[in-house]
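Taking it in order: structure first as structure tokens, then the write-up.
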Amino acid sequence: MLHFRARSKSNHLVLATFASACISLAGCTSLPADGAVARASDPLHHTGSVKTADSDSARLAIWFAQPPGQLFEEAAPHDPALGENIPSGKLSSPNWEQEGLPVGNGRVGAMMFGGVGKERIQINEETIWAGPDETYRVMKPNPAEGLKKARELTFAGDYEAAEEVLSKEVLGVRGGSRSYQTLGDILIDFPKLDQGVVTSYRRELDLENAIASTHFDHDGVTYRREIFASAPDDALIVRLDASAPNSLDFSFALDRRYSAITVDGNCYIMTGQAQHKGDNLGTKYRASLCVNQNGGEVSHADGKLHVSAADSATMVLAVQTDYNRADPFDPLDLDAADLTGPVQAKVASRSYADLRARHISDYRRYYDRLTVDFGGTDWSDEPTDEMLRTFGAGEENPRLMEMFLQFGRYLLISSSRPGTMPANLQGIWGDAYAMPWNGDYHININMQMNYWLAESANLSELHQPYFDFFDRLSVAGEDTAKKLGMNGTVHGHASDAYMLTTIFGAPQWGMWVMGGPWATSHTWEHYLYTGDRQFLRDHALPQHRRYVAFALDWLVEDPGTGLLVSGPTTSPENEFYYDDPGTGERKIGHVTMGPTMDQQILFQLFTNYLAIVDALGIENDPLAARSAAALSKLAPTQIGPDGRIMEWTSNFQEVDPGHRHISQVYGVYPDSQFTYRNNRDLLEASRKTIEARLDAGGAGTGWSRAWIINLFARLKDAPAVRHHFSELLRKSTAKNLFDIHPPFQIDGNFGGAAGLLEALVQSHDGGIEFLPAWPAEWMRSAGSISGIRARGGFEVALDWNDGALTSAKLTSERGGTASIILNDHLPNAIVRNATTNGVVPADTHDGLLTFEAEAGATYLVQPQSQEDVDHAD
Ligand code: FUC
């Protein structure tokens, strides 16, 4: 039986939430009896009282029953550290990542906050980056020589001296601070709404239609705002309306540092160039923000546009930049043509209903491919922050799990569309001029994790920006490989919109070159899911060739063992204790020869390359022959005396045994070198490794916890999946469900959602397995999921009830052999064609059930009944 907390449809709990929420509003020390929240310095707050809306639908939506807290801090208007031209004097507040509701069309994004008397819509465009300076891509004069020296020192165990050489002679500088940046804010003032009583308040992000909205009643009028980023119309659309005619009065402004902002008719035109405190000149942009109203009028006074006595109004933001994907160092000519004008004209020619419908149908092309019902009570009357709170206190909440899973898919659909940049550390969202880690492309887990769910969550085309990025980066890195005296391509652990390939930084995190080989493994995975041979030939093959050519030159023979090892490199970004070979003194080191993760990544690189060459029928490929030879000499993963996987070639003690990177179990997930069917010893040692990390306080960041969920899914440890998913929501998830590193980092959203799918269906171990790690507690009431994709070109739909799998459906996209791994949920099975209901001949051996599938056909894989067994006899 289920033990979900009974909920009434009334809103008493919600009101209680609102009252207590005042505590969290900085400066709100007392709540007047009528619930009025007064805080004059808070620009978003309304100074009257606010009551929540009744639940209005069962749509999957992240929603809140109260307006947001403070969203700006006031900066000194002439703070020289912030640059010369600071129109607003506003700084971001920590509430941005908790309260904002993100929308995006892959390129243009926004965060809506849902203020009453004042609204802030913070905006982004994915190519707004401060630019490189003259130190960009500058490496040391002779890094190849430095590398040789460092290798010798590392082999000799003098890690300190090796790191000194690496810092002085190999590692470059990053090239100044160049960050992905905000495009600014749309600031709206509603003078009439700033006071009085507000009831039926609700702000939400509708995950099913990709629309953020706020609505409330004020003085007998219902006000509604909707915002979405339309891909088909290439614009951000903000709709404002009121239930009574001529009730809409507001003024609005567009705001960004370093910009020229003018008014032209009913539009703001903003032009400028991204930069860092006057230096690092980067992307130039042009944005127009136009308003079209029904009823009333638009006027221009005091430098601002005002809409008065309107029935409704639609604001449209169109953005153009000079970023040149083909060569970011050769920007486009922004003055050649104003592309925002035609976008505005096209949008203005359509009705709002039409724009909205076009957006929804575009979005749902992706979203509707995977549907989920984790069962349980209808929780739709509970705001998301309250759900998180009760979940954190130990209650199951299937609705919240559905939301987290679909929010992960939502974020990918909104930040990564064919032809756009890939999702960065924050997707496309961010309100700063210098983001955490520059909001860049970190390639030592974060960027890869951003795409862990792309294939299984049935969003395969959205993987494309990632592949395009590595097509470009792997070409740019050829020059860096040459500087090291090697063939192929290489780049450091982080890159950016300018295709940074320098190996830079401190040895602990900077001396690591396996990001590319890891990244390119996604191309092979994409092929396994899609069977797209053209993609394999045009993208996977050339990318692999570049990284393989480098790896073959990079690997060296360990004089002690004769085996091939990578290095000197770090095991991201961990440290170890060692005894100085000269003095015997205990020291801390970072780089070694042959750290386990490098060896596993290279094993995967060569193995996949051979598989690609084989799949494409390429004969006598010289790189393939060399890859096969290298594979046979590659130093293997070792198990230490304590039964754990050794993180380094020597059995060093970690400085931080609870480190967030769990690099040495790469072979369990994301790769599948150690599985139940092919290497149980290393799988078992991996479990011990993970548990030791956790015992020492591991999984401290959102992404680390998300990785743990995927690892336990591969270990088929359902209770651990359940525990760590709940920890992810409890410790590393913001009110708006953003993953928190801290601060906000989107990888944990994608990785966490991928982990749920990995617990539901796996296909990495020679067959498809249903519910391999799905906790019993999550199966007590009737639930289902459909549209999960599996390797081999299959789509899976599952139903369960009362702890048991009740139905499994497999649709084959391209025909061929289907293999099902039998497990406790499906110890034996009978296969029927879903259309004809005819039994399909199937073979069972070695725990696998196999049958021949026809392209386009759906099969029911059902637990065998006694009748089936008797009949078979
Ligand atoms: C890696 C991680 C950090 C952070 C950064 C963006 O270097 O070790 O935790 O996520 O990327």
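All you need for the numbering used here is the position in the sequence shown, starting with 1, plus 416. Beta carbons: idealized from backbone N, C-alpha and C, even for Gly. Everything numeric in this text was worked out from a predicted model, so none of it was measured.
> Where does the unbroken alpha helix (DSSP H) through Pro360 begin, and where does it stop?
Replying inline: Past the edges of the chain, shown from 417 to 1289, lies residue 360, and the structure says nothing about it.
>> Our contact map puts Arg702 next to Thr756 with C-beta atoms below 8 Å; I'd like the distance itself, whole angstroms only.
In response: 6 Å
> Nearest-angstrom Cα distance between Ala452 and Gln482?
Replying inline: Residue placement at Ala452 is flagged as unreliable, the pLDDT there being 28, under the threshold of 50; the coordinate-derived value follows with that caveat. Taking the straight line joining both Cα atoms gives about 12 Å.
>> Only counting the same chain, and skipping five residues up and downstream in sequence, which positions put a Cβ closer than 7 Å to that of Asp954?
In response: none
> Hey, would you say the C-beta of Glu989 is under 6 Å away from at least one heavy atom of the ligand FUC?
Replying inline: yes
> Which same chain residues, not among the five before or five after Ala1101, have their C-beta less than 7 Å away from its C-beta?
Replying inline: Ile1055, Gly1059, Arg1060 and Ile1061
> Could you check where the alpha helix (DSSP H) with Tyr739 kicks off and where it finishes?
Replying inline: No alpha helix (DSSP H) holds Tyr739; DSSP gives it neither H nor E.
> Using DSSP with H/G/I as helix, E/B as strand and the rest coil, what is Glu1174?
Replying inline: helix
> Looking at C-alpha atoms only, which residue of Asp1133, Leu828 and Ala761 is the closest neighbour of Tyr779?
Replying inline: Leu828
> Measuring CB to CB, does Arg672 end up less than 7 Å from Asp657?
Replying inline: no
> Which one of Trp1216, His1077 and Gly1209 has the shortest CA to CA distance from Ser1200?
Replying inline: Trp1216
> Between which two residues does the beta strand (DSSP E) containing Ser1200 stretch?
Replying inline: Gly1199 to Ala1206
> Going by the beta-carbon positions, is the gap between Ala660 and Leu517 smaller than 7 Å?
Replying inline: no
> Leaving out five residues before and five after Arg1205 in sequence, what residues of the same chain have Cβ atoms less than 8 Å from its Cβ?
Replying inline: Glu871, Ser872, Ala873, Asn874, Ser876, Tyr945, Glu1211 and Val1212
>> Taking the beta carbon of Glu513 as the centre, do at least 16 other beta carbons fall within 10 Å, making it buried, or is it exposed?
In response: buried
> Gly1203 and Arg785 look like a contact to me (Cβ under 8 Å); what is the Cβ gap, rounded to whole Å?
Replying inline: 5 Å
> Do Ala1234 and Ala1175 have their C-beta atoms within less than 7 Å of each other?
Replying inline: no
> With respect to 6 Å, is the separation between the Cβ of Arg631 and the closest non-hydrogen atom of the ligand FUC below this value?
Replying inline: In the sequence on display, residue 631 carries His and not Arg. Checking every heavy atom of the ligand FUC against the Cβ of His631, none is found closer than 6 Å.
> For the candidate residues Asn1126, Lys1151 and Ala1150, whose alpha-carbon lies nearest to that of His1139?
Replying inline: Asn1126
> Between Leu1145 and Gly808, which are expected to be in contact by the criterion C-beta below 8 Å, what is the C-beta distance as a whole number of angstroms?
Replying inline: 7 Å
>> Going by DSSP in three states, Leu765 sits in which element: helix, strand or coil?
In response: The sequence given here has Ser at residue 765, not Leu. It is coil, neither helix nor strand.
> Should Asn1253 be counted as a contact of the ligand FUC given a C-beta to heavy atom distance under 6 Å?
Replying inline: no
> With respect to 6 Å, is the separation between the Cβ of His858 and the closest non-hydrogen atom of the ligand FUC below this value?
Replying inline: yes
> Is Met930 helix, strand or coil when you go by DSSP?
Replying inline: coil
>> Rounded to the nearest angstrom, what separates Gly1168 and Asp847 at their Cα positions?
In response: 24 Å
> Measuring CA to CA, which of Asn813, Met1013, Asp695 and Glu1229 is closest to Asp549?
Replying inline: Asp695
> Does any heavy atom of the ligand FUC sit closer than 6 Å to the C-beta of Trp545?
Replying inline: no
>> Taking 6 Å as the cut-off, is the C-beta of Asn854 nearer than that to any heavy atom in the ligand FUC?
In response: no
>> Rounded to the nearest angstrom, what separates Thr413 and Phe885 at their Cα positions?
In response: Lying before the first or after the last residue shown, residue 413 is absent from the chain, which here runs from 417 to 1289.
> Which one or two residues does DSSP pair with Met527 in a beta bridge?
Replying inline: Pro518 and Gln538
>> Suppose the cutoff is 6 Å on Cβ atoms and the five residues either side in sequence are ignored; what does the same chain contact list for Glu642 look like?
In response: Ile627, Ser629 and Arg655
> Is the region 1266 to 1283 touching the region 1239 to 1254 in the sense that three or more CB pairs, one from each, lie closer than 8 Å?
Replying inline: yes
> At what residues does the beta strand (DSSP E) containing Pro1279 begin and finish?
Replying inline: Thr1274 to Pro1279
> Would you call Ser1148 buried or exposed, if buried means 16 or more other Cβ atoms sit within 10 Å of its Cβ?
Replying inline: buried
>> Tell me the rounded alpha-carbon separation between Gly1019 and Gly976.
In response: Residue identity check: residue 1019 is Phe in the sequence provided, not Gly. Spanning the two alpha carbons is a distance of roughly 20 Å.
> Near Gly1182, which residues of its chain fall below 6 Å by C-beta distance, leaving aside the five closest residues on each side in sequence?
Replying inline: Arg1093
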